[in-house]
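Engineer: So the protein lines, in turn, are chains A and B. According to numbering that gives the first Met the number 0, the residues represented by the first sequence are 0 to 126, in order. According to numbering that gives the first Met the number 0, the residues represented by the second sequence are 0 to 126, in order. Ideal placement from N, C-alpha and C gives every residue a C-beta, glycine not left out.
2 protein chains.
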Amino acid sequence: MRNSSADQLILETLGVQKSHLTSHQIYEGVHLRLPALNPSTVYRALDRLVSQGKVTVSDMGLGAAVFELAGEKPHHHLVCQGCGYITMIADDQIAPLMETLEKNYHYKIKTNHLVLFGLCEQCQQNH
Amino acid sequence: MRNSSADQLILETLGVQKSHLTSHQIYEGVHLRLPALNPSTVYRALDRLVSQGKVTVSDMGLGAAVFELAGEKPHHHLVCQGCGYITMIADDQIAPLMETLEKNYHYKIKTNHLVLFGLCEQCQQNH
DNA sequence: AATTATAATGCAAATCTTTGCAATTGCAAT
DNA sequence: ATTGCAATTGCAAAGATTTGCATTATAATT
Ligand SMILES: [Zn+2]
Ligand SMILES: [Zn+2]
Ligand SMILES: [Zn+2]
Ligand SMILES: [Zn+2]
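1) Tell me whether Met-0 of chain B sits in a helix, a strand or coil according to DSSP, three-state version.
2) What are the start and end residues of the beta strand (DSSP E) that includes Leu-77 of chain A?
3) Is it the case that the CB of Glu-67 of chain A approaches a heavy atom of ligand 1 more closely than 7 angstroms?
4) Straight-line CA distance for Leu-20 of chain B to Val-54 of chain B?
5) How about Val-114 of chain A and Ser-57 of chain A: do their beta carbons lie closer than 8 angstroms?
6) Find the residues of chain B that neighbour His-105 of chain A, judging by a C-beta separation of less than 7 angstroms, and give them in chain order.
7) Quick one: any contact between the region 70-78 of chain A and the region 101-113 of chain A, if contact means 3 or more CB pairs under 8 angstroms?
8) May I ask you to check if the CB of Tyr-26 of chain A is nearer than 7 angstroms to at least one heavy atom of ligand 2?
9) Nearest-angstrom Cα distance between Gln-92 of chain A and Thr-86 of chain A?
10) Count the other CB atoms within 10 Å of the CB of Ala-63 of chain B; is the residue buried (16 or more) or exposed (fewer)?
11) To which residues of the same chain is Arg-32 of chain A closer than 7 angstroms at the C-beta, ignoring the five residues directly before and after it?
12) Flag Thr-40 of chain A as yes if its beta-carbon sits less than 8 angstroms from any beta-carbon of chain B, otherwise no.
13) Determine the direct distance from the alpha carbon of Val-41 of chain A to that of Arg-47 of chain A, and round the result to whole angstroms.
14) Quick one: using the 10 Å Cβ neighbour count with 16 as the cut-off for buried, is Cys-119 of chain A buried or exposed?
15) What residues are listed by DSSP as bridge partners for Met-87 of chain A?
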C-alpha cells in the first residue's frame with residue numbers, strides 16, 4: 000500500500016459531500032478535478048479503501064451501492080421503503096447486539112454501517 | 000402482478016439450490032431450462048421478487064449481490080473476511096434488537112436477512 | 001544516485017446490467 | 001368468446017463495471 004492520488008481524491012470527495020455516494024457519483028466528482036483519471040482506477044481505489052476500512056459500502060436500496068467515509072464513530076441507518084426517508088441510528092443502539100454476537104460466536108465484527116429497511120410510522124399508516 | 004413464468008423458474012431454481020446465488024448464477028440456471036429467456040427478463044423478475052418479499056438480496060462480500068428464497072423463518076449470517084466462511088445466525092439472536100429499534104423509532108422493520116462481516120476465531124489469531 | 005520490488009494506473013476488451021420501446025401475454029370484465 | 005387493460009417479455013442500444021496486461025510511479029534498499 001502506498002500513497003495513491005486516486006485514493007486521496009476519493010477521500011476528499013467523500014469528505015466534502017459528507018453523504019452516501021454511488022461509485023458513479025464518486026467517479027463524476029473526482030473526474031471534475033482530474034479528468035484524466037480512468038474509471039477503472041476509481042473503481043479499484045474504492046475497493047482498496049473499503050478493504051482498508053477507510054470507507055464503508057452499503058446497499059441503501061438505491062439500485063447501486065453507496066460509499067461513505069468511515070468516521071471515528073460508527074453509525075447506522077433505517078431506510079423507509081415507502082418514502083425513501085433515511086434515519087440515522089446512533090451506534091449505542093446497535094453496539095450491544097454486536098457485543099453479544101461477538102461473545103456468542105467468538106467473532107470480531109467489523110461491520111460498522113448497518114442499513115435496515117422497513118416502513119416509517121407515516122408509511123405504515125398509508126398502508 | 001400476474002403469473003410470470005420467469006418468476007416461477009427463478010423461484011424453482013432458488014428452491015432447488017437452497018443457497019446464495021448471484022444474479023448471473025441464477026440466469027445461468029434458468030437458461031438451462033429455458034434458453035430463450037432473455038437476461039433482462041431475469042434481472043427484472045429478480046427485482047420484482049425482491050420487492051414482493053419472496054426473495055432476499057444481500058451483499059455477502061462476493062463482489063456481487065446474492066439472492067435467496069425468503070423462507071418462513073428469517074435467518075442471518077456472519078461472514079469471515081479472512082477465510083470466507085459463512086456462519087448462520089438464528090433469528091432469535093437478532094429479533095430482540097429489531098423489536099427494540101421498532102419501538103424506539105416507530106418503525107416496521109422488513110430486513111429479514113442480515114449479513115455481518117468480521118473475523119472468525121481462527122482468523123483473529125492468524126492476525 | 002542507481003537498483004529493485006511492488007503498488008497503482010491506463011487502456012482496451014469483455015462482461016454484466018439497465019433502459020426505452022414495441023410486441024406479446026395473462027387476467028378480468030364484459 | 002371477445003374486448004380492453006396492464007404486466008411481462010424480447011430486443012437492441014446504452015451504460016456501468018470488471019479484467020488482463022503493459023506501463024508508470026512510489027518507496028525502500030543498496
Ligand atoms: Zn451512513
Ligand atoms: Zn416512509
Ligand atoms: Zn442466507
Ligand atoms: Zn475466518
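Structural biologist: Let me lay it out:
1) Of the three classes helix, strand and coil, the one that applies to Met-0 of chain B here is coil, per DSSP.
2) Element bounds for Leu-77 of chain A: 74-79.
3) Between ligand 1 and Glu-67 of chain A, a heavy atom-to-CB distance of less than 7 angstroms is present.
4) When rounded, the separation of the alpha-carbon atoms in Leu-20 of chain B and Val-54 of chain B is 11 angstroms.
5) When the beta-carbon positions are compared, Val-114 of chain A and Ser-57 of chain A come within less than 8 angstroms of each other.
6) Contact note: His-105 of chain A reaches chain B through Glu-120, using a C-beta cutoff of 7 angstroms and chain order.
7) Between the region 70-78 of chain A and the region 101-113 of chain A there are three or more inter-stretch CB-CB distances shorter than 8 angstroms, so the stretches are counted as touching.
8) It does not: the Cβ of Tyr-26 of chain A is nowhere closer than 7 angstroms to a heavy atom of ligand 2.
9) Their backbone Cα atoms lie some 13 angstroms apart in a straight line.
10) By the neighbour-count criterion, in which a residue is buried when 16 or more other Cβ atoms sit within 10 angstroms of its Cβ, Ala-63 of chain B is exposed.
11) Leu-8, listed in sequence order.
12) By the rule that beta-carbons nearer than 8 angstroms mark a contact, Thr-40 of chain A does not touch chain B.
13) Going from the Cα of Arg-47 of chain A to the Cα of Val-41 of chain A covers about 10 angstroms.
14) If you draw a 10 Å sphere on the C-beta of Cys-119 of chain A, you find 16 or more other C-beta atoms in it, and that means buried.
15) According to DSSP, Met-87 of chain A bridges with A:His-76.
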